[in-house]
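Start counting at 1 in the first sequence, then tack on 12, and there's your number in our numbering. In this text, a Cβ means the ideal position worked out from N, Cα and C, and glycines have one as well.
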Amino acid sequence: MTTPTVDRPAAYRRTHHCNELRLDHSGATVTLAGWVNSYRDHGTGLVFIDLRDREGLTQVVFDKADASDELLSAADKLRSEDVIAVSGTVRKRDGGPNPKLATGEVEVVASTLSVLNKAKTPPFQPSETEGLPNEELRLKYRYLDLRRPKMQKILRTRHRVTKLARDYFDENGFIEVETPILCKSTPEGARDFLVPSRLTPGEWYALPQSPQLFKQILMVSGADRYLQIAKCFRDEDLRADRQPEFTQIDLEMSFVTREDVIEVMEGFVRRLWGDVLGYEVPTVQRMTYREAMDDYGIDRPDLRYDLKLHDISDLAAKTDFKVFTGALGKERGVVKVICVPGGAEKLTRKITDGYSEWVKTFGAGGVPTTKVGVDGSLEAGIGKFIDSIAKDLVERVGAKPGDQLFFGADTYATCSKALGELRQKIARDMGMIDESKWAFVWVEDFPMFEYDEETKRFYAMHHPFTAPNPDQVEAFLAADPGDRETIEGIVSAGYDIVCNGSEIGGGSIRIHDSRVQTKVFELLGISPQEAKEKFSFLMDALQFGAPPHGGIAFGLDRLVMHLAGTDNIRDVIAFPKTQTGADVMSDAPSAVDETQLAELFVKNLPVPTK
RNA sequence: GGGGCGGUAGCUCAAUUGGUUAGAGUCCCGGACUGUCGAUCCGGUGGUUGCGGGUUCGAGUCCCGUCCGCCUCGCCA
């Protein structure tokens with residue numbers, strides 16, 4: 013830490029920070045400044061202070077043998093979180109070292125004390141390492157919470173990640189460009205945050221859900237390789253890993269294929285994990301979306317453990333078990349199974365009943381189960397209904413005596429979702445997850461479109477600018493919009509990178525051909541007029557010489573969560589929002605003055621009372 | 001919009017089946033103490049049990065509503 017020493021009162025002209033002094037400094041005269049982390053007052057005559065700054069702790073001692081009565085009585089009054097500066101001499105501790113502190117061999121014998129700012133008694137002590145107060149209080153007094161070493165460490169990790177991003181991508185020819193925060197609202201995707209325009213009453217800006225369109229335009233502009241640490245805004249409900257404003261490490265590259273993007277990004281991930289955690293990321297394996305859904309029931313599989321889903325629809329069809337045959341009678345009906353090694357003993361009836369209830373939240377009817385007996389037969393649960401296929405089933409999934417089987421029987425989508433979620437829950441419950449492991453995987457070959465039964469239309473699975481895989485372009489352009497099967501079979505040039513079951517980045521090769529873009533809009537039910545109105549700038553740009561291009565965006569918050577070892581996104585954001593989108597420290601959002609609204613020609617509607 | 005959990009002293013928590021004056025640790029205040037490092041010891045202050053109703057002789061406890069926080073489904077890439 014370098015601090016200018018000119019034009020500052022001598023009292024807090026620091027010579028060292030609080031994690032710096034060692035035995036080598038013995039005899040030196042030093043000045044430290046910081047917060048009173050704790051005090052140990054032995055009465056008139058001897059007072060110990062642990063002084064804290066960003067870097068660490070140093071013990072300061074006020075001793076009658078070396079200090080005036082005035083100094084001692086001042087030290088006597090010190091309390092937690094007072095801001096002080098101390099000058100004195102470094103010496104080896106009289107009372108023996110404290111192995112818990114990096115500076116534990118020494119202490120500073122105070123000769124002067126300046127109380128720079130007396131603190132009110134804080135509602136909680138940043139020095140407490142256990143028994144944290146509830147999160148709402150931490151958020152309300154965020155400045156106290158952030159003083160905690162653990163939070164300081166996370167802030168640093170986050171800084172390190174953005175610094176590494178800038179360094180790494182700079183080395184690889186990327187330039188950082190800022191894109192607007194006040195943007196045009198576009199259809200598709202999440203709900204926009206809107207900002208009224210004072211200069212053109214009745215019109216609105218939208219905050220960007222991502223810099224997607226601008227970064228593509230930058231490619232058309234010849235930027236070639238673009239990087240931005242970009243704030244993004246989505247007005248949707250929050251989750252443990254989702255905030256309404258979040259940050260992406262956003263990138264785009266020209267004249268590249270999917271392989272080029274993956275190579276550069278993998279290098280970034282390797283640099284991050286290597287520099288921050290000292291972990292060497294091996295070549296990241298690849299998996300198609302189809303494989304991910306078939307084997308893991310989710311498009312972001314956690315590969316730290318196995319526990320795959322097996323399709324046994326063909327076997328299930330041979331039974332008279334109505335749950336199975338009923339499901340197979342549905343459109344795209346399947347029967348799948350998870351085999352839990354040793355589950356028969358560990359998973360009690362109470363637990364398996366709980367699973368059955370739990371999967372209902374994902375739309376499944378329940379989760380039939382049975383266990384494998386010592387002779388390989390199926391015992392208990394639904395065993396007796398599917399006895400006829402027991403042998404083939406056990407062989408198919410490689411089940412052993414003592415294993416527990418969980419079945420899903422429903423449409424492919426519902427069955428995958430329910431068993432995919434159950435797979436993760438069982439792994440957690442049975443302690444099958446090796447927390448020291450890092451399992452990365454690229455998921456690729458996503459379908460371009462998903463059909464929604466309710467609205468009877470297609471939606472872009474990624475976003476509407478994702479290109480079809482190169483080998484699919486002709487088939488795509490030729491496809492009949494009414495031919496659902498063909499359309500759903502078109503695979504995109506998109507890719508997601510997944511770490512331990514969480515999506516940390518996603519991107520695609522973009523459409524640079526306006527014929528393809530027009531066709532995508534047609535399929536999404538965006539009329540040529542609407543496309544022109546909403547996206548004409550992009551459509552125009554694509555016609556003025558757009559290079560082939562593609563990119564990716566990493567979720568910075570999620571990256572830092574992994575690197576910091578937390579599962580709470582609020583921990584990695586200095587000033588996060590609660591689940592209702594509130595900042596409890598500053599009390600945003602809040603009502604505004606009527607005159608402010610009038611100036612914007614905006615009026616509040618009455619909120620319906622429930 | 002739906003489901004679940006929680007809200008008791010500044011903080012972390014306890015309070016039996018609905019039962020007397022709602023307790024403990026910590027913080028804070030006062031006192032003692034020269035080698036602590038979660039200092040120790042003695043004493044003390046501190047409560048609208050989130051809020052509003054209801055049931056009851058009696059409610060922190062039961063019921064209804066509401067607010068706030070967390071988790072989650074839908075939503076979101």
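| Query | Result |
| --- | --- |
| In terms of alpha-carbon separation, which member of Leu176, Leu35, Phe136 lies closest to Pro109? | Leu35 |
| The ligand FMN heavy atoms versus the CB of Tyr424: any closer than 6 Å? | Absence of the ligand FMN is noted for the structure shown, with no ligands found whatsoever. |
| To test your reading of the DSSP string, which unbroken alpha helix (DSSP H) runs of 4 or more residues are found completely within the region 554-595? | 568-576 |
| Would you tell me roughly how many angstroms separate the C-alpha atoms of Gln297 and Asn481, rounded to the nearest one? | 19 Å |
| Please report how far the alpha carbon of Gln591 lies from the alpha carbon of Gly201, in whole angstroms. | 21 Å |
| Closest to Lys437 by C-alpha separation, out of Val73, Glu611, Pro313, Leu83, would be which residue? | Pro313 |
| How should Glu465 be labelled, buried or exposed, when 16 other C-beta atoms within 10 angstroms of its C-beta is the threshold for buried? | exposed |
| Name the residue from Tyr153, Met163, Asn146 whose alpha carbon lies nearest to the alpha carbon of Asp65. | Met163 |
| Between the region 109-126 and the region 555-566, do at least 3 Cβ pairs fall closer than 8 Å? | no |
| Rounded to the nearest angstrom, how far is the Cβ of Pro199 from that of Lys546, given a contact under 8 Å? | 6 Å |
| Looking only at its own chain, which residues have a Cβ that is under 8 Å from the Cβ of Leu489, when we skip the five neighbours before and after it? | Arg527, Val528, Lys531 |
| If I measure Cβ to Cβ from Thr14 and keep anything under 6 Å in the same chain, skipping five residues before and after, which residues do I get? | Here Thr14 scores only 43 on pLDDT, less than 50, and its place in the model should not be relied on; the value that follows carries that caveat. Nothing meets the Cβ criterion. |
| Below 6 Å CB to CB, which residues in the same chain sit around Ser598 once its five sequence neighbours on both sides are set aside? | none |
| Is the beta carbon of Thr423 closer than 7 Å to that of Arg344? | yes |
| Below 8 Å CB to CB, which residues in the same chain sit around Val18 once its five sequence neighbours on both sides are set aside? | Residue placement at Val18 is flagged as unreliable, the pLDDT there being 46, under the threshold of 50; the coordinate-derived value follows with that caveat. Cβ within range, chain order: n/a, list empty. |
| Ala451 and Leu315 - do their beta-carbons sit closer together than 7 Å? | yes |
| Within this structure, are the beta carbons of Thr575 and Val288 separated by less than 7 Å? | Here the sequence assigns Leu to residue 575, which means Thr is not the residue at that position. For Leu575 and Val288, yes; Cβs fall inside 7 Å. |
| Going by DSSP, what residues sit across from Cys511 in a beta bridge? | Phe452, Ser514 |
| Name the one or two DSSP bridge partners that Tyr238 has. | Ile187, Glu264 |
| Assign His171 to one of two classes, buried (16 or more other C-beta atoms within 10 Å of its C-beta) or exposed (fewer than that). | exposed |
| Within its chain, find whatever has a CB closer than 7 Å to the CB of Val273; leave out the 5 residues flanking it on each side and keep chain order. | Met265, Gly519, Gly562, Gly563, Ile564 |
| Comparing C-alpha positions only, which one of Thr478, Leu390, Asn512 sits nearest to Met444? | Asn512 |
| Verify whether the separation of the beta carbon atoms of Gln255 and Pro601 is less than 7 Å. | no |
| Among the residues of its own chain, which have a CB less than 8 Å from the CB of Asp583, if the five just before and after it don't count? | Met163, Ile166, Met573, Ala576 |
| Between the C-alpha atoms of Pro16 and Thr141, what's the straight-line distance to the nearest angstrom? | Since pLDDT at Pro16 reaches only 39, below the 50 mark, its modelled position is unreliable, and the value read off the structure follows with that caveat. So the two alpha carbons sit approximately 33 Å from each other. |
| Tell me which residue opens and which closes the alpha helix (DSSP H) that Gly366 is part of. | 361-371 |
| Classify Tyr301 as helix, strand or coil using the three-state DSSP reduction. | helix |
| Could you tell me the distance, in whole angstroms, from the CA atom of Lys104 to the CA atom of Tyr51? | 19 Å |
| Residues in the same chain with beta-carbon distance under 6 Å from Val281, minus the five sequence neighbours each way, listed in chain order, please. | Val293 |
| Taking the C-alpha atoms as reference points, what is the distance between Ile585 and Phe258? | 9 Å |
| For the region 78-165, list the beta strand (DSSP E) runs that are entirely contained and at least 3 residues long, ordered along the chain. | 95-104, 118-129 |
| I need the DSSP call for Thr14, collapsed to helix, strand or coil. | Bear in mind that the predicted position of Thr14 carries a pLDDT of just 43, short of 50, making it unreliable; the figure below should be weighed with that in mind. Of the three classes helix, strand and coil, the one that applies to Thr14 here is coil, per DSSP. |
| Can you give me the start and stop residues for the alpha helix (DSSP H) that Tyr24 sits inside? | Here Tyr24 belongs to no alpha helix (DSSP H), and DSSP marks it neither H nor E. |
| Which residues bound the beta strand (DSSP E) around Thr467? | It is not in any beta strand (DSSP E) - Thr467 carries neither H nor E in the DSSP assignment. |
| Pro231: which of Asp81, His29, Val604, Phe556 sits nearest, CA to CA? | Note that residue 231 is Met in the sequence shown, not Pro. Minimum Cα distance to Met231 is reached at Phe556. |
| Less than 7 Å between the beta carbons of Arg246 and Gln228, yes or no? | no |
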